[in-house]
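A short write-up of the structure that comes next.
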Amino acid sequence: MSTTEPTTDRWTRRPDTPEGWLDRARDVAALLAVDAVERDRAGATPHSEVRLLKESGLVTLLGPVEHGGGGQRWDTAYRVIREVAQGDGSIGQLLGYHYLWAWAVRLVGTDAQIDAVERLYTENDLFFGGAVNPRDSDVVITDEGDEIVYTGRKSFSTGGKVSDLTVLEGVLDGTDKHIFAIVPSDQEAIVFGDDWDNLGQRLTESGSVEIRGVRVPWESAAGYVDKEFQPLVYNTLNTPTIQLVFANFYLGIAQGALDAATAYTRDKTRPWPYGGDDKSSATEEFYVLDAYGDLQAKLWAAEALVDRAVRRIDELLHAERDSVTEVQRGQAAVLIAAAKERIVQTGLEIATRIYEVTGARATANSAGLDIFWRNLRTHTLHDPIAYKRVEVGRYALLGEIPEPTWYT
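Heads up: the sequence shown at position 218 corresponds to 204 in the numbering used here, and the numbers run straight through without jumps.
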């Protein structure tokens, strides 16, 4: 079934259990998988795909029940991201980033801001994007009395034109104060560059954005009271949270690659007729069975580590905000770094080696197996994986936990 077909009638009731939400995510993934390659090749703005996420209820998975949301925990959200990414890696990324930005107000906002934002996005099925890229120069914020004004440019803004709300971040001019704010995406002062043209993750709308004087009331500056911010360790969970989002949609893409390859091998791969021990089917070939056994074992091992990291960060994200300690945060970050490192290596190996067990004809563009490697290779360059190994190494060798940064 194409994602362009109406789906509202399929989901008249929202799930109320974690397993129900995972079943819903599997349904969405199955729809996405039908034409994932064709949509990837076309590269059109994924309006219908985001509509699918909204109609299925996945957008409000983390939203409060009292506002019509799913009221689920992050351990379910991570597994939902994974399931959706099996069907389409780009949409898995979009959903994962949405969850992070929807939770951003809980990370840094006041109680009143949390209630207002969660009510707004949950009741209206709004989708988040984010113009927060630390590698670029900071967006400059000017203080104009009752308002602050954001001006600048970001080279990446995942969600872009499909977002209803955009998370902005910048530095107050003349200070070192970073300020987050959540604003409507559809306004003249936000201009999306429509210039995302990359090897993979083609449907993530991750192009540039110009911020041309976006005005925000001081009362909407996340976490600020009387123009001052009171920091908590909890505020710094944004980076471990998004790094584990990465690991989960990498895991989903890798599983999708393995699923697609095994289906191809069962249906189309021919046995090798010159081995001296000819088989009637490729599924009987020793080297094929050996390779799939090796790849599946590695994927299960990576999944187990990712799941362990999910349990750790879930405990912190749902704890009382003022109870989270630097040590807890640091240990979670190290575990997430290890999980990300493992699924990056495993995912890239799977996406490459599947060609060895599907055969030369599997390189045809019509087979579409290239989508998995392209998607993984593109996003796994987000930040150097060597630095994740160093974080784990410092913890293992020296007992050091990483200092919070934009990438740790």
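The beta-carbon is built from N, C-alpha and C at its ideal position, and this holds for glycine as well.
What residues in its chain sit with their C-beta under 8 Å from that of D181, if we drop five residues either side in the sequence? G193 and S194
For A426, list the residues DSSP reports as bridge partners. There is simply no residue 426 to check, as the chain begins at -13 and stops at 394 in what is shown.
Whole angstroms are fine: how far does the CA of F272 sit from the CA of G261? 11 Å
Sort out for me which residues DSSP pairs F113 with in a bridge. In DSSP, F113 forms no bridge with anything.
Take G242 and list the residues in its own chain whose beta-carbon comes closer than 8 Å to its own, dropping the five residues that flank it on each side. A19, A71, Q72, G73, G75 and F358
Compute the Euclidean distance between the alpha carbons of T394 and A323, then round it to the nearest angstrom. 8 Å
Just the C-alpha distance for A372 and E130, rounded to the nearest angstrom, thanks. 43 Å
Just mark A348 as buried or exposed, buried being the case when its beta carbon has 16 or more other beta carbons within 10 Å. buried
I think L285 touches D26, with their Cβ atoms under 8 Å apart; what is that distance to the nearest whole Å? With 8 Å as the limit, L285 and D26 do not qualify as a contact, their Cβ atoms being about 22 Å apart.
Which ranges does the beta strand (DSSP E) cover as unbroken runs of at least 3 residues, wholly within the stretch 272 to 332, from first to last along the chain? none
Opening and closing residue of the alpha helix (DSSP H) in which H365 lies: D356 to H365
Whole-number beta carbon distance between V296 and D415, since they are thought to touch under 8 Å: As displayed, the chain neither begins before -13 nor continues past 394, which places residue 415 out of reach and without an answer.
Could you tell me whether the stretch 89 to 97 touches the stretch 241 to 256, using the rule of 3 or more Cβ pairs below 8 Å? no
Using the C-alpha atoms, what's the distance from T152 back to T128? 19 Å
Is the CB-CB distance between I329 and V292 below 8 Å? yes
So for L384, helix, strand or coil by DSSP? helix
Check for me: the beta strand (DSSP E) holding K140 runs from which residue to which? E133 to K140
Answer with buried or exposed for N351, where buried requires no fewer than 16 other C-beta atoms within 10 angstroms of its C-beta. exposed
Would you identify the three-state DSSP class for G75, choosing helix, strand or coil? helix
Does H84 come out as helix, strand or coil in the three-state DSSP assignment? helix
In whole angstroms, what separates the C-alpha of L154 from that of W87? 10 Å
Determine, using beta-carbon pairs with one atom in the stretch 335 to 347 and one in the stretch 243 to 253, whether at least three such pairs fall under 8 Å. yes
Note the first and the last residue of the continuous beta strand (DSSP E) segment covering G6. Run containing G6: none in the beta strand (DSSP E); it sits in the alpha helix (DSSP H), P4 to V20.
Roughly how many whole angstroms lie between the Cα atoms of L275 and A16? 26 Å
Using the C-alpha atoms, what's the distance from V200 back to I239? 36 Å
Buried or exposed for L383, please, with buried defined as at least 16 other CB atoms from any protein chain shown within 10 angstroms of its CB. exposed
Looking at the structure shown, is E130 part of a helix, part of a strand, or coil, going by DSSP? strand
Is there a Cβ of chain B sitting closer than 8 Å to that of L189, yes or no? Considering every chain present, this structure includes no chain B. It has just one protein chain.
So what does DSSP say about W208, is it helix, strand or coil? The sequence shown places Ala at residue 208, not Trp. Three-state result, A208: coil.
Backbone CA spacing between G316 and N221 [nearest angstrom]: 13 Å
Taking the alpha helix (DSSP H) that E196 belongs to, which residues open and close that run? Segment V195 to P203 is the beta strand (DSSP E) holding E196; no alpha helix (DSSP H) there.
Since I believe R339 is in contact with G186 (beta carbons under 8 Å), could you give me their beta-carbon distance rounded to a whole number of angstroms? In fact, because the Cβ distance is near 18 Å, the residues do not count as touching under 8 Å.
Let me check understanding here. Comparing Cα to Cα, which of E335, K163 and L38 lies closest to Q282? E335
Separation of G54 from R(-1), as counted between CA atoms: 11 Å
Can you have a look at R10 and say buried or exposed, based on whether 16 or more other CB atoms are within 10 angstroms of its CB? buried
Neighbour-count burial assignment, L367, 16 or more Cβ in a 10 Å radius: exposed
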